[in-house]
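Mapping of the sequence shown onto this note's numbering: residues -17 to 262, in sequence order.
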Amino acid sequence: MKWQIGDVSVTKIVELTSASLGEYILPDATADELRKIQWIGPFLDSDARMVLSFHSLIVQTASRFVIVDTCIGNKKTRNYPRWNQMHTNFLEDLQDAGFQEDAFDTVLCTHMHVDHVGWNTYRHEDRWLPTFKNARYLYAREEWDHWKVESQDDYGPVIEDSVQPIFDLGLADLVESTHQVSDEIQLVPTAGHTPGHVSVYIKSRGEEAIITGDIFHHPCQIARPKWCATADSDQAAALRTRQAFLEEYSDRPILCIGTHFAGVTAGKLVRDGDTYRLDY
């Protein structure tokens, strides 16, 4: 799946999709409640369970070659059984889409959760090496300040195998949460899900898009912004950020690209009575 924003292209490369995590991530989003959202059907399975997509977004400009979020990764010790020592064809799919790992100049992580940093590294013998060896890895400073003293014990040694090696090899750059990556790409601070969480704003030739990160785990949160994720580090802050995001970007010609939205993945945010919907 690919979108064009002026001269900038954005391509989705899927690692996996799953309907098994929904009620754990968003406990308010029961099948009965989801069925009340008239437009949500394409984002559910036949049992009205949320389908989540774990994918990277490749952003290409005339001067930059960026991968936004690197999914879960292979051969990593994880406490969630399906992700433990996982083996997918993610790199092969990346190559089949015409992207070579060595060509990327930037890896941009919206935050440092397990499913956003996994392919930062790969296992070679007894070492974790950078998957994108010619890239600079950009992290919001606030995010690293948090995770360098915290752990993700619920998932496994995420920082140790997917983030710290990048710092050890001198490939990491700490940036502000408003960092201008290029003329067309800028970070937008959207803290709450994690302390240094960012979204990614794109503008080219008068056209605009924004990659959400985990402000939303599923499009149902557009209609029900008060549904907070169990993985939010600060649910109150995440709710404030989500509400402000909806107010800022709705009813404008801005393509909203969901980091975990399955299927069509992107659309315009529009007001829908006293809430919002995704116009896809």
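We put the beta carbon where it would ideally sit given N, CA and C, even for glycine.
Fair warning: this is a prediction, and the values are worked out from it, not measured in the lab.
Review point. In chain order, what residues of the same chain lie with their CB nearer than 6 angstroms to the CB of Phe114, ignoring the 5 residues before and after it?
Key: Contacts found: Glu83, Phe86, Val89.
Point to revise | Beta-carbon proximity list for Gly138, same chain, < 6 angstroms, skipping 5 on both sides | key: Cβ within range, chain order: Thr59, Arg60, Asn61.
Exercise for review: Just tell me which of Arg105, Asp78, Thr52, Thr92 has its CA closest to the CA of Gln284.
Suggested key: Residue 284 falls outside the range modelled here, since the chain spans only -17 to 262, and no answer is possible.
Check your understanding: For Ser144, does the three-state DSSP call read helix, strand or coil?
Key -> helix
Check your understanding: Under a three-way DSSP split, which group does Phe36 fall into?
Key -> Phe36 falls in the strand class under three-state DSSP.
Exercise for review: From the DSSP output, in three-state form, read off Gly100 for me.
Suggested key: It is helical.
**Study point:** For Ala122 and Gln42, the rounded distance between their alpha carbons
**Key:** 21 angstroms
Exercise for review: Helix, strand or coil for Ile22, going by three-state DSSP, please let me know.
Suggested key: Of the three classes helix, strand and coil, the one that applies to Ile22 here is coil, per DSSP.
Exercise for review: For Gln20, count neighbouring C-beta atoms within 10 Å of its own C-beta (all shown protein chains included) and say buried if the count is 16 or more, exposed if not.
Suggested key: exposed
Exercise for review: Drop a sphere of 10 angstroms on the beta-carbon of Asp165, count the other beta-carbons inside from all chains shown, and report buried for 16 or more, exposed for fewer.
Suggested key: exposed
Practice item. Using DSSP bridges, identify the partner residues of Lys(-16). Key: Thr(-7)
Check your understanding: Should Ile154 and Tyr119 be called a contact, given that it needs their Cβ atoms to be closer than 8 angstroms?
Key -> Reading the sequence as shown, one finds Ala at residue 154 and not Ile. Yes, they are a contact pair.
Point to revise | Close Cβ partners of Lys250 (< 6 angstroms) along its chain, the five nearest in sequence each way excluded | key: Asp261
Practice item. Run the proximity test for Val(-10): is its beta-carbon closer than 7 angstroms to any non-hydrogen atom belonging to the ligand GTP? Key: Absent from the structure shown: the ligand GTP. Ligands present: none.
Exercise for review: Quickly, what does DSSP pair Pro171 with across the bridge? List them, please.
Suggested key: Bridge partners of Pro171: Val180.
Review point. Is it the case that the Cβ atoms of His199 and Leu34 are separated by a distance below 8 angstroms?
Key: yes
Check your understanding: By how many angstroms is the C-alpha of Gly100 removed from the C-alpha of Ser144?
Key -> 6 angstroms
**Study point:** Asp233 and Val246 closer than 8 angstroms at C-beta
**Key:** no
Check your understanding: Near Ser159, what residues of its chain come up, given a Cβ to Cβ distance below 7 angstroms and the 5 sequence neighbours on each side ignored?
Key -> By the criterion of a C-beta distance shorter than 7 angstroms, Ser159 is surrounded in its chain by Ala122, Glu124, Leu169, Pro171, Gly178, Val180, once the five residues flanking it on both sides are discounted.
Point to revise | Cβ separation of Gly(-12) and Gly188, assumed to be a contact under 8 angstroms, to the nearest whole Å | key: 7 angstroms
**Study point:** Per-residue DSSP class, three states only, for Asp155
**Key:** strand
Practice item. Using DSSP bridges, identify the partner residues of Thr257. Key: Answer is Asp254.
Review point. How many angstroms separate the CA atom of Tyr6 from the CA atom of Arg31?
Key: 11 angstroms
Check your understanding: Once you ignore the five residues that flank Ala213 on each side, which residues in its own chain have a CB closer than 6 angstroms to its CB?
Key -> Close CB contacts of Ala213 within its chain, under the 6 angstroms cut and outside five residues either way in sequence, are absent.
Check your understanding: When the distance is taken between beta carbons, is Ala11 closer than 8 angstroms to Trp209?
Key -> yes
Point to revise | Nonlocal neighbours in the same chain, by C-beta distance under 6 angstroms from Pro147, ignoring five residues either side | key: Thr103, Trp110
Review point. Which residue comes first and which comes last in the alpha helix (DSSP H) that contains Leu73?
Key: 72 to 78
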